[in-house]
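**Student:**
2 protein chains.
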Amino acid sequence: MTTKDVGRAARRGPYAKSEERRRTILDAAHEVFAAHGYRGGSLQDVADKVGLSQTSLLHYFPSKRDLLMAVLERRDEITGDAFPDDMEDGLVDSVIRTALFNENIPGVVELYSVLCAESVTDSHPGRVYFTERFERLRKSYARRFAELAAQGRLRPGVDPELAAMSLVALWDGLQTQWLLAPDEVDVVKGLRGYFDLVVLPEPSPN
Amino acid sequence: MTTKDVGRAARRGPYAKSEERRRTILDAAHEVFAAHGYRGGSLQDVADKVGLSQTSLLHYFPSKRDLLMAVLERRDEITGDAFPDDMEDGLVDSVIRTALFNENIPGVVELYSVLCAESVTDSHPGRVYFTERFERLRKSYARRFAELAAQGRLRPGVDPELAAMSLVALWDGLQTQWLLAPDEVDVVKGLRGYFDLVVLPEPSPN
DNA sequence: GTCTATAATCCGATAGAC
DNA sequence: GTCTATCGGATTATAGAC
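Those protein sequence lines, which keep their order, are chains P and E.
Mapping to our numbering: the first sequence position 30 is 30, numbers consecutive.
Mapping to our numbering: the second sequence position 114 is 114, numbers consecutive.
Here it is in structure tokens:
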């Protein structure tokens with residue numbers, strides 16, 4: 001066990017304050033990137049929010065790119081996005097619950113939507129993250145739909161993999177429309193509508 | 001009829017070359033914004049592509065913002081996006097046809113996806129464009145779905161407005177996934193899958 | 001219409017004092 | 001760890017010669 005590990009484990013010592021500062025910075029960066037995107041948001045913006053100089057910021061994250069990656073990792077922790085297989089309840093309930101959750105944490109949907117599309121542009125630091133995320137989600141959801149199919153709860157003719165891809169796409173698209181017209185678009189309602197089309201009701205025990 | 005109109009109508013005179021130059025610039029700007037986004041792409045990039053100095057570019061479009069708006073207007077002309085009601089064949093066929101068309105014109109999907117998400121960030125010049133586009137599309141598709149419902153060709157229980165919103169969302173989301181994984185994602189297949197769920201087959205004439 | 005020169009900012013990152 | 005000073009570069013936009 002190294003000195004660093006001791007400091008962390010005890011939640012005391014020289015690293016306790018530093019770790020807290022890091023989290024504060026990540027929260028500020030989350031806000032800034034959500035509001036202006038990666039290219040549009042500056043280190044100065046983040047530093048101002050924390051009350052630190054721009055150079056001091058680079059003491060915690062050696063480059064803007066590193067800061068972005070840390071923000072994306074933190075997003076996974078907040079939303080549980082990295083481990084979609086860990087959902088305990090059924091696919092439908094967990095998706096609806098997550099959608100509701102994300103909608104009520106300011107900036108979460110903004111950050112995701114903005115950075116996702118931005119990452120498609122040339123040599124964007126977040127590109128790998130989103131590419132892998134989509135692959136992971138499609139696989140996970142496809143397995144969930146396949147399980148439903150095995151229980152006879154998938155509408156006949158529906159391909160689990162196509163349904164997985166479509167569910168992810170629908171979700172993302174609804175979020176974008178919701179950001180531009182929050183009073184007219186209802187993400188959860190849209191997702192429920194899709195599940196109603198694809199997933200058959202649980203057979204009664206009779 | 002003004003002098004300018006004469007020049008345009010005759011496709012000659014002092015404005016012919018200028019108009020052609022404008023179109024060349026718009027094509028270059030389309031490429032640049034598609035590849036790097038609005039904030040990530042620079043006027044210098046566009047000027048280099050055309051073989052013009054950056055300042056000469058501003059002779060045709062007085063600001064970067066103006067250039068973007070012109071690119072978006074041109075996009076409407078190319079894709080026919082501005083007048084979704086003008087589609088002559090049925091909703092299903094026209095959507096599939098447009099999806100196929102866009103997929104094969106390089107940069108069209110990139111430009112749309114990148115700028116759309118970028119526009120939700122603070123004070124983005126394209127925000128109004130995309131907000132209005134979504135509103136227009138949702139209304140147009142809702143009317144189309146309602147027509148299908150009147151013909152008994154909409155699955156019972158499906159709300160036309162919700163279906164319209166979902167169709168737009170699904171389409172956009174599929175395009176984003178396609179950009180990141182073109183070999184694994186099939187936009188047209190995804191759209192067909194949705195129509196199969198929502199639209200009932202035409203009743204045989206018997 | 002096209003150019004050069006340049007204004008006026010803003011950016012990320014480094015060096016080094018304290 | 002935090003700061004100031006600063007480098008090196010890119011950006012949009014303007015002024016004005018030709």
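For every residue, glycine included, the Cβ atom is placed at its ideal position computed from N, Cα and C.
Looking at the C-beta of P/Y194, does it have a partner C-beta in chain E at a distance below 8 Å?
**Tutor:** Here residue 194 of chain P is taken as the residue at index 194 of the first sequence, counted from 1. At least one chain E Cβ lies under 8 Å of P/Y194.
**Student:** Look at the alpha carbon of P/L154 and the alpha carbon of P/V198, and state the distance between them as a whole number of angstroms.
**Tutor:** On the first sequence, position 154 is the one that residue 154 of chain P refers to. On the first sequence, position 198 is the one that residue 198 of chain P refers to. Distance between the alpha carbons of P/L154 and P/V198: 6 Å.
**Student:** Within this structure, are the beta carbons of P/L58 and P/V188 separated by less than 8 Å?
**Tutor:** Here residue 58 of chain P refers to the residue found at position 58 when the first sequence is read from its first residue. Here residue 188 of chain P refers to the residue found at position 188 when the first sequence is read from its first residue. Not a contact, by the Cβ cut-off of 8 Å.
**Student:** By Cβ distance, which residues of its chain are closer than 7 Å to E/M165, with the 5 residues on each side in sequence left out?
**Tutor:** For the purposes of this step, residue 165 of chain E is taken as the residue at position 165 of the second sequence. Taken in chain order, the residues that qualify are R138.
**Student:** Under a Cβ-count criterion, where at least 16 other Cβ atoms within 10 Å of its own Cβ denotes burial, should E/E20 be classed as buried or exposed?
**Tutor:** As a first step, residue 20 of chain E must be located in the second sequence, where it is residue number 20. The residue in question, E/E20, is exposed, as its Cβ has fewer than 16 Cβ neighbours within 10 Å.
**Student:** Using a Cβ cut-off of 8 Å, pull out every chain P residue sitting near E/M165, in sequence order please.
**Tutor:** Sequence index remark: in the second sequence, residue 165 of chain E carries index 165 (1-based). What E/M165 touches in chain P: L174, Q177, V185 and G190.
**Student:** DSSP three-state call for P/L154: helix, strand or coil?
**Tutor:** Here residue 154 of chain P is taken as the residue at index 154 of the first sequence, counted from 1. Three-state DSSP puts P/L154 in a strand.
**Student:** Please confirm if E/R39 has its CB atom under 8 Å from at least one CB of chain P.
**Tutor:** Counted from its first residue, the second sequence places residue 39 of chain E at position 39. Taking Cβ atoms only, chain P reaches closer than 8 Å to E/R39, which makes this a yes.
**Student:** For E/V114 and E/R75, what's the separation of their Cα atoms in angstroms?
**Tutor:** As a position in the second sequence, residue 114 of chain E is number 114, starting the count at 1. As a position in the second sequence, residue 75 of chain E is number 75, starting the count at 1. If you take the alpha carbons of E/V114 and E/R75, they lie about 14 Å apart.
**Student:** Can you tell which of E/K17, E/G41 and E/A16 has its C-alpha closest to the C-alpha of E/A28?
**Tutor:** Counting from 1 along the second sequence, the entry for residue 28 of chain E is found at position 28. Considering only alpha carbons, the answer is E/G41.
**Student:** Which chain P residues sit within Cβ distance under 8 Å of E/V198?
**Tutor:** Counting from 1 along the second sequence, the entry for residue 198 of chain E is found at position 198. What E/V198 touches in chain P: L197.
**Student:** Measure from the C-beta of P/F134 to each C-beta in chain E and report whether the shortest distance is under 8 Å.
**Tutor:** Taking the first residue of the first sequence as position 1, residue 134 of chain P is located at position 134. Closer than 8 Å: yes.
**Student:** For E/V199, name the three-state secondary structure that DSSP assigns.
**Tutor:** Counting from 1 along the second sequence, the entry for residue 199 of chain E is found at position 199. E/V199 falls in the strand class under three-state DSSP.
**Student:** May I have the straight-line CA-CA distance separating P/V50 from P/I25, to the nearest angstrom?
**Tutor:** The residue given as residue 50 of chain P occupies position 50 in the first sequence. The residue given as residue 25 of chain P occupies position 25 in the first sequence. Those two C-alpha atoms are separated by around 6 Å.
**Student:** Thinking C-beta only, is P/T131 closer than 8 Å to E/A149?
**Tutor:** For this step, residue 149 of chain E is matched to residue 149 along the second sequence. For this step, residue 131 of chain P is matched to residue 131 along the first sequence. Result no, Cβ atoms of E/A149 and P/T131 do not sit closer than 8 Å.
**Student:** Could you list which residues in chain P have their beta carbon closer than 8 Å to that of E/V120, in chain order?
**Tutor:** As a working mapping, residue 120 of chain E is identified with position 120 in the second sequence. Here the neighbours are E110, S113, V114, T176, L179 and L180.
**Student:** Is E/A82 close to chain P, meaning its C-beta is less than 8 Å from at least one C-beta of that chain?
**Tutor:** The residue labelled residue 82 of chain E in the question sits at position 82 within the second sequence. Chain P, which has no Cβ nearer than 8 Å to the Cβ of E/A82, makes this no.
**Student:** Let's see if you can read the secondary structure: which residues bound the alpha helix (DSSP H) around P/T55?
**Tutor:** On the first sequence, residue 55 of chain P is found 55 positions in, with the first residue counted as 1. Q54 to Y60 is the span of the alpha helix (DSSP H), which, as asked, contains P/T55.
**Student:** When DSSP labels each residue in this structure, what does E/T121 get in the three-state scheme?
**Tutor:** Translated into the one-based positions of the second sequence, residue 121 of chain E becomes position 121. Coil, per DSSP.
**Student:** Over the uninterrupted alpha helix (DSSP H) stretch that includes E/S94, give me the two end residues.
**Tutor:** Counting from 1 along the second sequence, the entry for residue 94 of chain E is found at position 94. E/S94 -> alpha helix (DSSP H) spans L91 to N104.
**Student:** Given a threshold of 16 other Cβ atoms within 10 Å of its Cβ, counted over all protein chains shown, does P/K17 qualify as buried or as exposed?
**Tutor:** The residue labelled residue 17 of chain P in the question sits at position 17 within the first sequence. So P/K17 ends up on the exposed side.
**Student:** May I ask you to report which of helix, strand or coil DSSP gives E/P182?
**Tutor:** As a first step, residue 182 of chain E must be located in the second sequence, where it is residue number 182. Residue state, collapsed to three classes: coil.
**Student:** Could you tell me whether the Cβ atoms of E/A117 and P/C116 are closer together than 8 Å?
**Tutor:** Counting from 1 along the second sequence, the entry for residue 117 of chain E is found at position 117. Counting from 1 along the first sequence, the entry for residue 116 of chain P is found at position 116. Closer than 8 Å, so yes.
**Student:** From the DSSP output, in three-state form, read off E/D159 for me.
**Tutor:** In the second sequence, the residue the question calls residue 159 of chain E occupies position 159. Coil at E/D159, not helix or strand.
**Student:** Can you confirm whether P/T131, when its beta carbon is compared against all beta carbons of chain E, has any partner nearer than 8 Å?
**Tutor:** Numbered from its first residue, the first sequence carries residue 131 of chain P at position 131. Yes, P/T131 counts as interfacial toward chain E.
**Student:** So which of P/Y194, P/G80 and P/F61 has the shortest CA-CA distance to P/R22?
**Tutor:** Taking the first residue of the first sequence as position 1, residue 22 of chain P is located at position 22. Nearest option by C-alpha distance: P/F61.
**Student:** Starting from the C-beta of E/R65, find all residues in its chain whose C-beta is less than 6 Å away, skip the five residues before and the five after it, and write them out in chain order.
**Tutor:** For the purposes of this step, residue 65 of chain E is identified with residue 65 of the second sequence, where counting begins at 1. Contacts found: P125.
**Student:** From the DSSP output, in three-state form, read off P/E19 for me.
**Tutor:** Against the first sequence, residue 19 of chain P aligns to sequence position 19. Looking at P/E19 - three-state DSSP - the assignment turns out to be helix.
**Student:** Would you kindly work out how many angstroms separate the C-alpha atoms of P/Q133 and P/V158, rounded to a whole number?
**Tutor:** Along the first sequence, read from residue 1 onward, the residue named residue 133 of chain P stands at position 133. Along the first sequence, read from residue 1 onward, the residue named residue 158 of chain P stands at position 158. Here residue 133 of chain P is Arg; the residue named in the question, Gln, does not match the sequence. Distance between the alpha carbons of P/R133 and P/V158: 23 Å.
**Student:** So with CB distances below 7 Å, who are the chain E contacts of P/H36?
**Tutor:** To locate residue 36 of chain P, count along the first sequence from 1; it is residue 36. Per Cβ cutoff of 7 Å: T121 and D122.
**Student:** Could you check where the alpha helix (DSSP H) with E/E88 kicks off and where it finishes?
**Tutor:** One-based indexing of the second sequence puts residue 88 of chain E at position 88. E/E88 -> no alpha helix (DSSP H), and no H or E assigned at all.
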